[in-house]
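Below you'll find the structure, written out as structure tokens, and then a few comments.
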Amino acid sequence: MKLRESPAFKIALSLSIATGLYGVSFGALAVASGFDFWQTMVLSLLLFSGGSQFAFIGVVAGGGSGVAAMTASALLGLRNGIYGMQINAMLRPGGWKRYVSAHVTIDESTATASGQSDPDEQRRGFWTAGIGIFILWNIFTAIGALAGDAMGDPKQWGLDGAAVAAFLALLWPRLKGREPWAIAAACALATILAVPFVPSGVPILVAAVVAGVIGWFSHARLDEGLEPDVDPYAEKHQREHGGKK
Amino acid sequence: MNLWLWILIACALAYLTKLVGYFVPARLLENPRIMHIAGTMTIGLLASLTVVNAVASGQGLVLDARIGALVAAAVALWLRAPFLVVVISGAAAAALLRLLGWG
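Listed in order, the protein sequences are those of chains A and B.
Quick note on the numbering used here: the first sequence kicks off at 1 and runs consecutively.
Quick note on the numbering used here: the second sequence kicks off at 1 and runs consecutively.
In structure tokens:
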């Protein structure tokens with residue numbers, strides 16, 4: 001199949017452009033938060049995970065410490081570990097490719113690949129979105145960081161509003177059913193209650209703990225506590241129920 | 001300089017988190033509780049980040065133009081607007097409210 005006729009390639013390309021453009025607001029917001037040009041670029045080049053990058057500069061902008069920013073960023077990046085497992089199961093990249101694909105394992109590249117059923121299309125979607133976003137995100141981060149000063153106060157352009165909207169947009173598709181809404185509401189409330197009492201960045205960690213505790217117990221409730229925490233017969237178990245997959 | 005240190009640690013952790021996923025034995029993936037908690041934590045973190053960015057200002061809680069951005073983004077999402085449109089709606093709402101002299 002020609003690349004131009006591939007549906008995954010088209011999806012990946014439009015996602016690359018949409019996400020890449022958003023790099024402008026990261027660059028501008030980072031510089032406005034007190035980061036210099038190279039600190040901003042290193043975050044986009046090496047950290048390369050939108051949510052974690054915004055979390056890092058957001059904590060610092062709010063007056064939080066470097067360690068709080070690093071912790072928030074690392075916690076928010078945990079989902080990329082899950083994505084890594086999914087992509088590894090789908091594409092099985094070997095050798096050096098595995099180390100490259102790990103770097104471009106983000107929301108958008110994983111979503112593009114997961115949306116395809118044909119293995120070739122999954123591969124095209126993942127690599128096009130991953131590399132496309134990496135290139136455009138970094139170009140537009142640089143533009144935002146350089147133009148940031150010329151643009152004046154980013155608040156005047158509503159860039160802080162853009163960050164609020166982006167986080168809500170990332171959360172939104174996950175709010176399907178009653179439990180996700182309850183978790184989001186509980187964590188939002190925990191955050192608001194924590195803000196006046198703990199340093200900036202820590203409320204996010206409080207919410208993470210609340211979400212983890214809810215997850216632990218809601219899972220226990222779902223299977224009515226019948227399942228042991230560590231199944232000593234995991235392999236046997238798997239063999240017996242293997243047909244279900 | 002101190003900030004540089006935390007930036008580099010954050011970068012290393014971000015890459016290692018992604019890479020670890022490629023080396024995790026498939027067996028762990030089948031632990032339903034781990035997968036369930038990974039899901040609830042992502043929702044909790046994103047909800048918290050949305051709220052922090054909307055109403056927190058240091059250790060204070062304030063209602064300013066960012067609330068307008070939150071409402072505009074929610075409306076755009078409810079209307080099934082694409083990601084970029086949602087982000088632009090949020091920015092435009094905040095900018096417009098400030099132009100009108102609020103927040």
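Glycine included, every Cβ here is placed at the ideal spot set by N, Cα and C.
Keep in mind the model is a prediction, meaning the values are calculated, not measured.
Proximity to residue i [Cα-Cα], best of the options
i: L99(B); options: A65(B), V87(B) and V75(B); result: A65(B)
i: G125(A); options: I133(A), P203(A) and T112(A); result: T112(A)
i: F26(A); options: V67(A), S16(A), R4(A) and G51(A); result: G51(A)
i: I192(A); options: I7(B), V24(B) and A54(B); result: A54(B)
i: W4(B); options: K10(A), S33(A), V42(A) and A8(A); result: V42(A)
i: S218(A); options: V51(B), L45(B), G58(B) and G39(B); result: G39(B)
i: A184(A); options: A150(A), A208(A) and P196(A); result: A208(A)
i: T110(A); options: A74(A), I11(A), S6(A) and K2(A); result: I11(A)
i: P119(A); options: R92(A), L78(A), C187(A) and A166(A); result: R92(A)
i: I143(A); options: G132(A), L3(A) and L21(A); result: L21(A)
i: A69(A); options: L49(B), G103(B), V62(B) and R33(B); result: L49(B)
i: F197(A); options: A56(B), A81(B), R80(B) and L46(B); result: A56(B)
i: P82(B); options: A163(A), T19(A) and K176(A); result: T19(A)
i: P203(A); options: L96(B), L79(B) and V52(B); result: V52(B)
i: K155(A); options: K2(A), V31(A) and S6(A); result: V31(A)
i: V100(A); options: W157(A), Q116(A) and T128(A); result: T128(A)
i: D36(A); options: E5(A), T71(A), G115(A) and T141(A); result: T141(A)
i: L70(B); options: G101(B), G90(B) and N2(B); result: G90(B)
i: M35(B); options: L13(A), I82(A) and V67(A); result: I82(A)
i: R98(A); options: G115(A), S114(A) and R123(A); result: R123(A)
i: V213(A); options: A194(A), P199(A), A186(A) and V195(A); result: A186(A)
i: I88(B); options: L8(B), A72(B) and I67(B); result: A72(B)
i: I67(B); options: L96(B), L8(B), R80(B) and P25(B); result: L96(B)
i: S49(A); options: M90(A), F134(A), A188(A) and W96(A); result: F134(A)
i: L189(A); options: W78(B), L45(B) and L79(B); result: L45(B)
i: L84(B); options: G94(A), I17(A), G95(A) and W157(A); result: I17(A)
Limits of the alpha helix (DSSP H) - the one that residue i falls within
i: T191(A); result: R178 to A194
i: A81(B); result: Here A81(B) belongs to no alpha helix (DSSP H), and DSSP marks it neither H nor E.
i: L8(B); result: N2 to F23
i: K2(A); result: Here K2(A) belongs to no alpha helix (DSSP H), and DSSP marks it neither H nor E.
i: A150(A); result: Premise fails: A150(A) is in no alpha helix (DSSP H) and is neither H nor E.
i: F9(A); result: P7 to L21
i: N31(B); result: First-last for N31(B): undefined, no H or E at that position.
i: W157(A); result: Counting along the chain, W157(A) falls outside any alpha helix (DSSP H), and DSSP gives it neither H nor E.
i: Q86(A); result: L78 to L91
i: T110(A); result: D107 to S114
i: R98(A); result: W96 to H103
C-beta contact flag for residue i and residue j at 8 Å
i: Y15(B); j: N88(A); result: no
i: G215(A); j: V20(B); result: no
i: A76(B); j: G161(A); result: no
i: L15(A); j: E121(A); result: no
i: R174(A); j: I43(B); result: yes
i: A92(B); j: L168(A); result: no
i: L205(A); j: G23(A); result: no
i: A10(B); j: F56(A); result: yes
i: T17(B); j: N80(A); result: yes
i: Q53(A); j: S44(A); result: yes
i: A145(A); j: T40(A); result: yes
i: S47(A); j: L159(A); result: Note that residue 47(A) is Leu in the sequence shown here, rather than Ser. In this structure, L159(A) does not lie closer than 8 Å to L47(A) by Cβ.
i: G34(A); j: V60(A); result: yes
i: L171(A); j: A47(B); result: yes
i: G58(B); j: G62(A); result: yes
i: A211(A); j: M41(B); result: yes
i: L13(A); j: G132(A); result: yes
i: A165(A); j: V86(B); result: yes
i: V67(A); j: W6(B); result: yes
i: S61(B); j: V195(A); result: Sequence check: residue 61(B) is Leu here, not Ser. It is a contact, given that the beta carbons lie within the stated cut-off.
i: Q86(A); j: S114(A); result: yes
Short CB-CB distance (under 8 Å) between residue i and chain C
i: L79(B); result: No chain C appears in this structure, whose protein chains are A and B.
Original post:
Fully enclosed by the segment 28-55 of chain A, which alpha helix (DSSP H) runs are 4 residues long or longer?
Top reply: 37-42
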